[in-house]
Amino acid sequence: MQNAILRLLTTLVTLFGVAVVVFVVIRLAPGDPIAMMLPPGASEDDIARLRANYGLDRSVPAQFGIWLSGVVQGDFGTSISLRQDVGSLVLGRLPATLELAGLALILAILLGTTLAVIGTLRRQRMAESAVDLWNGMMLSIPDFLWGLIFIVLLGVVVPLFPISGRIDPSLNPDYATNFLLLESLVRLDFRVTADLLSHMFLPALALALPLSAVIAQVLKQSLKEVMHLDYVVLARAKGFTEITVLFREALRNAVLPTLTLVGVQFTFLIGGTVIVEKLFSYEGLGNLAIDAVINRDLPLIQGIVLLFAVLFIATNLIVDLTYAALNPRLRHG
Amino acid sequence: MTLSRRSVLGTGAAGLAVGLTGLPRLAAAQDDGLTIAYNVNLPSFDPTVGPSAVNPTIQGIYQSIFDQFIAQNADLSFRPGLLTDWGWTDDNTKVQMTVREGATWHNGDPVTPEDVVWSLERAGDPEGGNPIQFVWAKIGNFQIDGQTITADVLEYDPTLFKWMGFLTGYVLPKAYFEEVGPEGFEEAPIGSGPYMVDRFERNAFIRLKAHPGYWGDAPDFETVTIKFVTDASSRVAEVESGQSDLTLEIPYEEFDRLREQDALEGTSIPVSDIGMIFINDVEPMNDPNVRKAMHLAIDKQLIIDRLLSGYGVPISTLQTPEYVAYDPSITVDYDPDRAMELLAESGYGPDNPVTFTIQTTRGFKPKDYEMIQAIVGLWRRVGIEAEIEVYEIAKHYELRAADTLAPAAFYNWGNSVGDPSTSTGFTMFGPSPHSVWDGQEMIDMIGPLWGEAYEEKRIEGYKAVDRKVAEDALVIPILQYVQPIVHRAGLTVEAQASGALTAQAIKRG
Chain A
9 MQNAILRLLT TLVTLFGVAV VVFVVIRLAP GDPIAMMLPP GASEDDIARL
59 RANYGLDRSV PAQFGIWLSG VVQGDFGTSI SLRQDVGSLV LGRLPATLEL
109 AGLALILAIL LGTTLAVIGT LRRQRMAESA VDLWNGMMLS IPDFLWGLIF
159 IVLLGVVVPL FPISGRIDPS LNPDYATNFL LLESLVRLDF RVTADLLSHM
209 FLPALALALP LSAVIAQVLK QSLKEVMHLD YVVLARAKGF TEITVLFREA
259 LRNAVLPTLT LVGVQFTFLI GGTVIVEKLF SYEGLGNLAI DAVINRDLPL
309 IQGIVLLFAV LFIATNLIVD LTYAALNPRL RHG
Chain B
865 MTLSRRSVLG TGAAGLAVGL TGLPRLAAAQ DDGLTIAYNV NLPSFDPTVG
915 PSAVNPTIQG IYQSIFDQFI AQNADLSFRP GLLTDWGWTD DNTKVQMTVR
965 EGATWHNGDP VTPEDVVWSL ERAGDPEGGN PIQFVWAKIG NFQIDGQTIT
1015 ADVLEYDPTL FKWMGFLTGY VLPKAYFEEV GPEGFEEAPI GSGPYMVDRF
1065 ERNAFIRLKA HPGYWGDAPD FETVTIKFVT DASSRVAEVE SGQSDLTLEI
1115 PYEEFDRLRE QDALEGTSIP VSDIGMIFIN DVEPMNDPNV RKAMHLAIDK
1165 QLIIDRLLSG YGVPISTLQT PEYVAYDPSI TVDYDPDRAM ELLAESGYGP
1215 DNPVTFTIQT TRGFKPKDYE MIQAIVGLWR RVGIEAEIEV YEIAKHYELR
1265 AADTLAPAAF YNWGNSVGDP STSTGFTMFG PSPHSVWDGQ EMIDMIGPLW
1315 GEAYEEKRIE GYKAVDRKVA EDALVIPILQ YVQPIVHRAG LTVEAQASGA
1365 LTAQAIKRG
């Protein structure tokens, strides 16, 4: 209980720190949103009126105080460029990004685990060298470049997949939430599910490949260490096949360091969606963030960054809890 | 039937595989509508308030949905829109406008003179959020008689009716807007234009349906989907893969490559957007020899040919050939020898160069940074050493509004209304927040032109200003941009000199 309260307090302090830093840094960054919307014949009075309309005529501490008191009450302000409530905008986009990042994570885990298992089972052979080579290649090419490669190869040369958007405009799912993929599965609306997956596949794969290489490397190393431990040797002595030993005995213990890594990497994965979403015109949080920065939409930038911070903290918390659940030594403090 | 874990997993994997490989094609199979890969997002639906109202790049979408008071032809000339007739009284104390009969909103209600008056009053309201309020507030006290509207001229502005076909010059539905409010209008906008909004997914796409009650020619396509694809390479892929029928604003080298393909065609015309170098009235720019040498040392055609694949029109003034005050006799030709002579008169040369900073964006406009690099290279040959500083466009606006730009700064300037007041006027008139050169001579020359009632005298006045600007090198115009549009074979596009790509301008055949 004490730990939980301490954790909650730490989280609140972290969020407050993020809010302060973001607020101040954004206002110190070059670019004045009012200057960007000035009409050609604007007088000094017009400029002052515009500035006052957006509350930018007050001091930075005063602006921060107003914004923070709004945030506490659930009011994140109004977007300058989109003229809509920031909270609704950001929460409306979050599901799309979470679903994309989630699919990317699943692909990364599947690919990474497969590679790690192959590399472990065929250690010190050609296959392990091939896995290492593949991992090196995956790591050295950033996600946005993978995106470009996929757009050209699987969008243009062999046009198998759509290369922009989240869903085909001709489909019009009247869903209750913006978690379209999950809701389509719940509703057994597989036409929508397939369309969503086809739109998400290339950006998710672009995000997944570098992460899969990291997972493969760490998991393979862990597996190699575990495969020499006594209980694994005992399992072999009992006559189990190497593959059975690996899956039944070694993997459970080897997966713990990988789990921590996946948690940390997932937060980077969400960050990575910014450029990949732009590349694939995917209507997620990242795409919104780029527009907000270009337009110097201060309330929207603040809302997005704060949400990212919450996501990072929540992800770390989930990882910690999962780690504790899987590792008996941590379960009781 | 019993389900084992293996069979469930196997079926799921097979389903996923089919979904990922087979259904994309099914999903891509759409009706015979038109799909456009558009280069910018649509931030807001109200074309009269907020930052998007003065964003020239999204006016084409607005013009597909809303009617302007006065419509514009492809060559920037004006034609009747929702107003069929307009003009000043002889003494310029009143304006008269006649509202078209038979026009309807997308919900079927008729467009009325009350709608027009309400739109003008709302636009002129200082608290209404219209960025061009300073223009619309110049008329008031509206009177309606049948289809005719009269209003008092509170401050004479010769460009008033031109603004009615320009930024924020849109007619919105009074009754509907008051019923649903601004938020409701954003959710479900209606206009009186050729297309109505069928579905909108922010940052993703907008789907339009033809307006059956449109007063003008019916558009060729029943449905038009505009995908917002802001990345240029993705737009190229969209049109090359056939997932979109048309795209615009792509790199010129890609434009040339794509138009060579059998299935694709290209359209390119010069548009009302120019690239120029602002000159600030700070040292060393207060030396006229330096400014003139800067201009004379730039081989504009060479830059266009080498960097823009020939797509561009060299210009010597802030007027393009389509603008009403264009004067072809004002030219500043490439003359590096004369540039060196001028610099020598001020004590500068290749061994003793004049130095300053030039600011530019990188990637905001086609080859902007590369053009400045080339210009700096040309300057170096004659004795000008400029250091390039790259900044974001937001920073440019901030510095320009504060009048703290570097001695030289590259920028682009659009003027789809084609009037000299919105090019030379706002660019060179010191008190304007967009002007950079604040010399008194320009203020004295341009000041009287704002309210000049005689059109011929006003235009001649601006030509004189342009001549003076060119002679004294107070700004360095570089080129008029060309807009590349690539589309599938079988389409024709009536490209607009304004640069606004409307859905109704795309036709079959």
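Respectively, the protein sequence lines represent chains A and B.
Positions in the first sequence are counted from 1; adding 8 to them yields my numbering.
Positions in the second sequence are counted from 1; adding 864 to them yields my numbering.
Ideal Cβ placement from N, Cα and C applies to all residues, glycine included.
Could you give the first and the last residue of the continuous alpha helix (DSSP H) run that contains asparagine 324 of chain A? Residue mapping note: residue 324 of chain A aligns to position 316 of the first sequence, counting from 1. Element bounds for asparagine 324 of chain A: 306-334.
Closer than 9 Å by beta-carbon distance: list the chain A residues that pair up with glycine 914 of chain B, in chain order. Counted from its first residue, the second sequence places residue 914 of chain B at position 50. Per Cβ cutoff of 9 Å: Met45, Ile88, Ser89, Leu90 and Arg91.
For proline 920 of chain B, which residues in the same chain have their Cβ closer than 6 Å to its Cβ, ignoring the five residues on either side in sequence? Locating residue 920 of chain B in the second sequence gives position 56, where the first residue counts as 1. Answer for proline 920 of chain B: Gly1278, listed in chain order.
Is it the case that the stretch 955-966 of chain B contacts the stretch 974-985 of chain B, given that we only count it when at least three CB pairs across the two stretches are under 8 Å? yes
DSSP three-state label for lysine 958 of chain B, please. As a working mapping, residue 958 of chain B is identified with position 94 in the second sequence. Three-state result, lysine 958 of chain B: strand.
Are the CB atoms of glutamate 1249 of chain B and proline 1217 of chain B nearer to each other than 7 Å? Within the second sequence, the letter at position 385 stands for residue 1249 of chain B. Within the second sequence, the letter at position 353 stands for residue 1217 of chain B. Taking 7 Å as the Cβ cut-off, glutamate 1249 of chain B and proline 1217 of chain B qualify as a contacting pair.
Short Cβ contact (7 Å threshold) for isoleucine 1310 of chain B with glycine 1139 of chain B: For this step, residue 1310 of chain B is matched to residue 446 along the second sequence. For this step, residue 1139 of chain B is matched to residue 275 along the second sequence. Not a contact, by the Cβ cut-off of 7 Å.
For leucine 115 of chain A versus alanine 212 of chain A, is the C-beta distance shorter than 7 Å? Numbered from its first residue, the first sequence carries residue 115 of chain A at position 107. Numbered from its first residue, the first sequence carries residue 212 of chain A at position 204. Yes, Cβ-Cβ distance for leucine 115 of chain A and alanine 212 of chain A is below 7 Å.
For asparagine 11 of chain A, does the three-state DSSP call read helix, strand or coil? On the first sequence, position 3 is the one that residue 11 of chain A refers to. It is helical.
Are there 16 or more other CB atoms within 10 angstroms of the CB of asparagine 1144 of chain B, so buried, or fewer, so exposed? Here residue 1144 of chain B refers to the residue found at position 280 when the second sequence is read from its first residue. Buried, by the Cβ-count rule.
Ordered list of beta strand (DSSP E) runs contained in the stretch 1003-1048 of chain B, each at least 3 residues: 1003-1009 and 1012-1017
For chain B, find out if any of its Cβ atoms is closer than 7 Å to the Cβ of lysine 232 of chain A; answer yes or no. Here residue 232 of chain A is taken as the residue at index 224 of the first sequence, counted from 1. Closer than 7 Å: no.
Rounded to whole angstroms, what is the Cα-Cα separation between threonine 885 of chain B and threonine 201 of chain A? Taking the first residue of the second sequence as position 1, residue 885 of chain B is located at position 21. Taking the first residue of the first sequence as position 1, residue 201 of chain A is located at position 193. A caution first: threonine 885 of chain B carries a pLDDT of 47, below 50, which makes its placement in the model too unreliable to give a value.
I think serine 897 of chain B touches phenylalanine 1085 of chain B, with their Cβ atoms under 8 Å apart; what is that distance to the nearest whole Å? Here the question's residue 897 of chain B lines up with position 33 in the second sequence. Here the question's residue 1085 of chain B lines up with position 221 in the second sequence. In the sequence as displayed, the identity of residue 897 of chain B is glycine instead of serine. About 6 Å; that satisfies the 8 Å criterion.
Beta-carbon proximity list for aspartate 83 of chain A, same chain, < 6 Å, skipping 5 on both sides: Translated into positions along the first sequence, residue 83 of chain A becomes position 75. Same-chain partners within the cutoff: there are none.
Tell me which residues share the same chain as aspartate 931 of chain B and place their Cβ nearer than 6 Å to its Cβ, disregarding the 5 neighbours each side in the sequence. The residue you call residue 931 of chain B lines up with position 67 of the second sequence. Here the set comprises Gly945, Leu946, Val1035, Ser1056 and Gly1057.
Quick one: Cα of threonine 18 of chain A to Cα of leucine 325 of chain A, how far? One-based indexing of the first sequence puts residue 18 of chain A at position 10. One-based indexing of the first sequence puts residue 325 of chain A at position 317. Near 12 Å, if we compare the C-alpha coordinates of leucine 325 of chain A and threonine 18 of chain A.
Does the beta carbon of asparagine 1067 of chain B come closer than 7 Å to any beta carbon on chain A? Reading the second sequence from its first residue, position 203 is the one you call residue 1067 of chain B. Interface residue, yes.
Considering only residues of the same chain and omitting the five flanking positions on each side of alanine 1203 of chain B, which have a CB-CB separation below 6 Å? Stepping through the second sequence from its first residue, residue 1203 of chain B is reached at position 339. Excluding sequence neighbours, alanine 1203 of chain B sits near Ala1157, Leu1160, Ala1161 and Val1246.
Would you verify that the beta carbon of proline 944 of chain B is, or is not, closer than 7 Å to some beta carbon of chain A? Numbered from 1 along the second sequence, position 80 holds the residue referred to as residue 944 of chain B. Closer than 7 Å: no.
Start and end of the beta strand (DSSP E) containing glycine 1139 of chain B? The residue you call residue 1139 of chain B lines up with position 275 of the second sequence. Run containing glycine 1139 of chain B: 1128-1143, per the beta strand (DSSP E) assignment.
Looking at the C-beta of alanine 891 of chain B, does it have a partner C-beta in chain A at a distance below 7 Å? On the second sequence, position 27 is the one that residue 891 of chain B refers to. In this prediction, alanine 891 of chain B scores a pLDDT of 40, lower than 50, which makes its location untrustworthy; the coordinate-derived value is nonetheless stated afterwards. Alanine 891 of chain B counts as touching chain A.
In whole angstroms, give me the CA-to-CA distance for asparagine 1276 of chain B and serine 1287 of chain B. One-based indexing of the second sequence puts residue 1276 of chain B at position 412. One-based indexing of the second sequence puts residue 1287 of chain B at position 423. If you take the alpha carbons of asparagine 1276 of chain B and serine 1287 of chain B, they lie about 11 Å apart.
Answer with yes or no whether the minimum CB distance from serine 1457 of chain B to chain A is below 7 Å. Residue 1457 of chain B is absent from the model: chain B starts at 865 and stops at 1373.
Leucine 147 of chain A to valine 222 of chain A, Cα distance in whole Å? Within the first sequence, numbered from 1, the residue matching residue 147 of chain A stands at position 139. Within the first sequence, numbered from 1, the residue matching residue 222 of chain A stands at position 214. If I take the Cα positions, the gap works out to 7 Å.
DSSP three-state call for methionine 1060 of chain B: helix, strand or coil? Within the second sequence, the letter at position 196 stands for residue 1060 of chain B. Of the three classes helix, strand and coil, the one that applies to methionine 1060 of chain B here is strand, per DSSP.
The beta strand (DSSP E) with proline 265 of chain A in it runs from where to where? Residue mapping note: residue 265 of chain A aligns to position 257 of the first sequence, counting from 1. That residue, proline 265 of chain A, is in no beta strand (DSSP E); its alpha helix (DSSP H) goes 259-287.
In DSSP terms, what leucine 1110 of chain B is bridged to: Indexing the second sequence from 1 puts residue 1110 of chain B at position 246. The partner list for leucine 1110 of chain B (beta bridge, DSSP) reads B:Ile900 and B:His1351.
Within the 7 Å Cβ cut-off, does valine 166 of chain A reach chain B? Locating residue 166 of chain A in the first sequence gives position 158, counting from the first residue. So no, valine 166 of chain A is outside the interface.
CB contact below 7 Å: arginine 1322 of chain B versus chain A: By 1-based counting over the second sequence, the position of residue 1322 of chain B is 458. No, arginine 1322 of chain B lies away from the interface with chain A (no Cβ there is under 7 Å from its Cβ).
Can you list, in chain order, the residues of its chain with a C-beta nearer than 8 Å to that of phenylalanine 942 of chain B? Leave out the 5 residues immediately preceding and following it. For this step, residue 942 of chain B is matched to residue 78 along the second sequence. Contacts found: Ile934, Ala935, Gln936, Phe1025, Lys1026 and Gly1029.
Nearest-angstrom Cα distance between glycine 1294 of chain B and methionine 1306 of chain B? On the second sequence, position 430 is the one that residue 1294 of chain B refers to. On the second sequence, position 442 is the one that residue 1306 of chain B refers to. Going from the Cα of glycine 1294 of chain B to the Cα of methionine 1306 of chain B covers about 7 Å.
Against tyrosine 1261 of chain B, what residues of chain A qualify as contacts under a CB-to-CB distance less than 8 Å, listed in chain order? In the second sequence, the residue the question calls residue 1261 of chain B occupies position 397. Within 8 Å Cβ-Cβ: Gly39, Asp40, Ala43, Met44 and Leu46.
Per-residue DSSP class, three states only, for lysine 246 of chain A: Position 238 of the first sequence holds residue 246 of chain A. DSSP places lysine 246 of chain A in coil when its eight states are reduced to three.
Using 8 Å for Cβ pairs, my map puts alanine 1367 of chain B next to proline 1083 of chain B. What's the rounded Cβ distance? As a working mapping, residue 1367 of chain B is identified with position 503 in the second sequence. As a working mapping, residue 1083 of chain B is identified with position 219 in the second sequence. That pair is a contact at about 6 Å.
Using the Cα positions of tyrosine 1059 of chain B and alanine 1328 of chain B, report the straight-line distance between them to the nearest angstrom. Within the second sequence, residue 1059 of chain B is the residue found at index 195, counting from 1. Within the second sequence, residue 1328 of chain B is the residue found at index 464, counting from 1. C-alpha separation (whole angstroms): 43 Å.
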